[in-house]
Amino acid sequence: MLSSKVVMVVRELDQGEASFAVVHMVFGASNASKLLSNVSTNHRHEAVATISYEAQARLSDPDYGCVSTILISRSDSLA
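Residue numbers for the sequence shown follow the UniProt record's numbering, beginning at 1 and rising by one.
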């Protein structure tokens with residue numbers, strides 16, 4: 001689990017730096033680079049946005065990550 005000091009530092013960075021810092025902390029720069037190398041250049045922007053979203057979700061909810069958002073969304077649509 002990430003410390004509150006790390007979270008505070010990430011929040012003080014600008015948007016791009018913060019996104020990179022979170023992706024680096026959660027997935028590692030090497031893993032993120034490997035993921036992106038398998039994506040065509042015309043889809044890379046969407047892939048970066050997705051990886052960034054997933055890293056933010058994992059930072060907010062270390063156990064479930066973005067799955068908790070999906071489950072909440074599903075339960076809302078079924079209600």
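The beta-carbon is built from N, C-alpha and C at its ideal position, and this holds for glycine as well.
TODO: Could you check what DSSP says for Asp-63 in three-state terms: helix, strand or coil?
DONE: coil
Task: Reduced DSSP category for Ser-68 - H, G, I as helix; E, B as strand; rest coil - done: helix
Task: Cα-Cα separation between Ala-55 and Gly-28, rounded to whole angstroms - done: 10 Å
- [ ] For Val-23, collect the residues of the same chain with a Cβ closer than 7 Å to its Cβ; drop the 5 residues on either side in sequence, then sort them by chain order.
- [x] Ala-32, Ile-51, Ser-52, Ala-55
TODO: Check the C-beta distance from Arg-44 over to Leu-36 and give it rounded, since I have them as a contact under 8 Å.
DONE: 6 Å
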